[in-house]
Every structure is written in structure tokens, then in C-alpha cells.
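Be aware that the sequence shown starts at 192, since it is given in this note's numbering, and climbs by one per residue. Comments concern the structure below.
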Amino acid sequence: MIIALDGPAASGKGTLAKRIADHFGFHHLDTGLLYRAIARDVRAIDGSLDNVDDTSKAARNLDQSTLDDPTLRHPGLGNAASVVAQVPSVRAILLEFQLKFASQAPGAVLDGRDIGTIVCPEADVKLFIVADTKVRAERRFLELEKRGEAVTREQILETITERDKRDMERADSPMKPAADALLLDTTKLGIDETFDAAIELIKRKIGQPGAQRY
Ligand code: DC
192 MIIALDGPAA SGKGTLAKRI ADHFGFHHLD TGLLYRAIAR DVRAIDGSLD
242 NVDDTSKAAR NLDQSTLDDP TLRHPGLGNA ASVVAQVPSV RAILLEFQLK
292 FASQAPGAVL DGRDIGTIVC PEADVKLFIV ADTKVRAERR FLELEKRGEA
342 VTREQILETI TERDKRDMER ADSPMKPAAD ALLLDTTKLG IDETFDAAIE
392 LIKRKIGQPG AQRY
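In C-alpha cells, the structure reads:
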């Protein structure tokens with residue numbers, strides 16, 4: 192059983208994916224962390240974020256045990272990850288790991304940009320999470336402010352807009368909803384309402400939880 196969650200930066204898909212995975216007892220992979228970790232590792236060797244050799248080497252040598260490194264969530268790394276994510280060989284290397292993760296029993300929830308289109312086109316449920324850009328920026332700002340990060344609303348809005356544009360316009364695996372994705376607009380929804388709406392969509396798509404498919 193595979194649930195794919197895609198959507199733009201700060202759409203809340205990571206939090207939602209984790210909750211859905213916990214709810215069903217499934218594994219969860221935040222695939223953005225893979226690109227963030229590669230950006231971190233390329234920076235550590237003073238490499239270039241858009242250099243095929245530097246980024247591919249970092250992708251091949253990625254130590255999966257470092258994916259829980261809290262510094263990966265730093266806002267600057269999100270933008271760097273978006274640059275690294277444009278390199279086709281990096282995406283190809285990461286694909287293998289993601290496919291293996293997705294095949295785990297009893298099920299997996301993966302969130303990212305290309306899960307429903309490229310990584311798991313056969314996913315049982317595909318959700319594409321959207322929210323107004325200003326609302327996403329405000330949510331991200333409040334989250335970072337709470338963590339004591341020195342950022343402004345304007346900076347966050349600018350970074351998110353730039354990142355979404357790059358993620359949507361890249362040639363390889365651009366961010367877009369799969370043809371059979373269910374759209375969930377969270378602009379006016381809180382975290383609990385978003386979770387309830389997502390569970391409702393999943394139930395409608397695959398039937399009642401607890402049925403033989405689990
Ligand atoms: O989900 P995130 O903000 O942590 O992702 C960081 C960047 O990684 C994002 O801007 C683009 C890239 N990414 C990607 O290209 N494909 C994915 N499946 C996940 C993330």
C-alpha cells in the first residue's frame with residue numbers, strides 16, 4: 192500500500208504525511224530530506240550545487256543514517272536542495288532508494304514533488320497538497336520565528352516563490368499533480384482539519400481502513 196503526497200514548499204505535506212503514516216501504521220519518508228542532505232554534503236566539501244560530479248558523488252555516498260540531522264530543516268538548505276534537485280543523475284540515484292522504501296510492508300507514505308508522477312506512479316492514493324502562497328509563507332514564518340530563526344515574512348515569501356518556480360519549471364521530474372491525484376487545498380484549513388480531510392479522501396479512494404487491503 193503506497194500513499195503519495197506531493198505539493199509545493201511549506202504546504203504542510205510533511206506534517207500531514209507523518210500523521211497519515213502514524214494513523215495507518217505505515218512507514219514515512221520525507222523525500223525532501225534526501226535532496227537537503229545532498230545539498231548539505233556538497234556544501235561540506237565546498238562543491239557546487241549544480242555540478243553534476245559533485246552532486247552525483249554526494250548522492251551515491253549519502254549516509255541514510257544522517258537524515259534525522261535537525262540542521263537539514265534549515266530554510267537555506269531548502270533552496271539549496273531545490274538547486275541540487277535539478278540534476279537528473281541525482282534524481283536517478285535517489286529513485287532507487289525511494290522505490291525500495293515504498294515497497295515496505297504494510298505500507299508507506301512518501302511526500303515530495305514527484306512521488307505521484309515519477310517515483311510511485313502506481314501509488315494507491317495520490318494527494319496533491321496546495322495552499323495560497325502567502326498563507327504558506329506565513330505558516331513557515333511563524334514556525335521559524337518560534338524556533339528563534341532571524342527571518343522576515345518578505346524573505347520567506349520570496350524564497351518560497353523562487354523555489355516553487357524552480358521546482359515546477361525544471362526539465363526532469365517537475366513538480367506537478369499526477370493526472371489521477373486528488374487535490375487538497377489547505378489554505379483555510381488547520382492541521383487537524385487538513386488531516387481529517389486527507390483521511391476522508393483516502394477512505395473514499397481505497398475503501399474503509401481496516402478492510403482487507405491493510
Ligand atoms: O520538501 P522540501 O521542502 O524539504 O524539499 C526541498 C527541495 O527538494 C525542493 O524544493 C525540491 C526538492 N525535492 C524534489 O525535487 N523532489 C522531491 N520528491 C522532494 C524534494
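Note that beta-carbon positions come from the ideal geometry of N, C-alpha and C, so glycine has one too.
Any 3 or more C-beta pairs closer than 8 Å across the region 317-326 and the region 286-301: no
Cut-off 6 Å between Cβ atoms - residues of its own chain near Pro-192, not counting five sequence neighbours on either side: Mapped onto the sequence shown, residue 192 falls at position 1. Note that residue 192 is Met in the sequence shown, not Pro. Hits under 6 Å: Gly-298, Asp-315.
DSSP state of Val-310, grouped into three classes? Along the sequence shown, read from residue 1 onward, the residue named residue 310 stands at position 119. Of the three classes helix, strand and coil, the one that applies to Val-310 here is helix, per DSSP.
Please check the pair Arg-354 and Gly-238, which I expect to be a contact at CB under 8 Å, by giving their CB distance rounded to whole angstroms. On the sequence shown, residue 354 is found 163 positions in, with the first residue counted as 1. On the sequence shown, residue 238 is found 47 positions in, with the first residue counted as 1. Not really, about 20 Å apart at Cβ, beyond 8 Å.
According to DSSP, is Ala-402 part of a helix, a strand, or is it coil? Taking the first residue of the sequence shown as position 1, residue 402 is located at position 211. Bear in mind that the predicted position of Ala-402 carries a pLDDT of just 44, short of 50, making it too unreliable to give a figure here.
Close Cβ partners of Ala-212 (< 6 Å) along its chain, the five nearest in sequence each way excluded: Locating residue 212 in the sequence shown gives position 21, where the first residue counts as 1. Same-chain partners within the cutoff: His-219, Val-300.
Please specify which runs of the beta strand (DSSP E), each continuous and at least 3 residues long, are wholly inside the region 193-260, giving them in chain order. 193-197, 218-221
Opposite Asp-305 in the DSSP bridges: which residues? Position 114 of the sequence shown, counting from 1, holds the residue named residue 305. Note: Asp-305 sits in no beta bridge, so no partner.
Runs of 4 residues minimum, wholly inside the region 324-379: which ones carry the alpha helix (DSSP H) assignment? 324-337, 344-360
Any C-beta of chain D under 8 Å from that of Ser-364: As a matter of chain content, chain D is missing from the structure shown, which is built from one protein chain.
Might you give, ordered along the chain, the residues of its own chain that have their beta carbon closer than 6 Å to the beta carbon of Asp-221, omitting 5 neighbours on each side? Taking the first residue of the sequence shown as position 1, residue 221 is located at position 30. Same-chain partners within the cutoff: Gly-205, Asp-302.
Does Ala-293 come out as helix, strand or coil in the three-state DSSP assignment? Start at 1 with the first residue of the sequence shown, and residue 293 comes out as number 102. Looking at Ala-293 - three-state DSSP - the assignment turns out to be helix.
The beta strand (DSSP E) spanning Val-321 covers which residue range? In the sequence shown, residue 321 corresponds to position 130, counting from 1. Residues 316-321.
Length of the line joining the Cα atoms of Arg-327 and Leu-380: As a working note, residue 327 is residue 136 in the sequence shown. As a working note, residue 380 is residue 189 in the sequence shown. If I take the Cα positions, the gap works out to 12 Å.
Hey, would you say the C-beta of Thr-222 is under 7 Å away from at least one heavy atom of ligand 1? Within the sequence shown, numbered from 1, the residue matching residue 222 stands at position 31. Flag set: Cβ of Thr-222 near ligand 1.
Near Val-275, which residues of its chain fall below 7 Å by C-beta distance, leaving aside the five closest residues on each side in sequence? Start at 1 with the first residue of the sequence shown, and residue 275 comes out as number 84. Here the set comprises Tyr-226, Ile-229, Ala-230, Val-233, Leu-240, Thr-246, Val-281.
Burial state of Pro-261 (16 or more Cβ within 10 Å): By 1-based counting over the sequence shown, the position of residue 261 is 70. Looking at its Cβ environment, which holds fewer than 16 other Cβ atoms inside 10 Å, Pro-261 is exposed.
Return helix, strand or coil for Val-278, following the three-state DSSP convention. Start at 1 with the first residue of the sequence shown, and residue 278 comes out as number 87. Looking at Val-278 - three-state DSSP - the assignment turns out to be coil, as it is neither helix nor strand.
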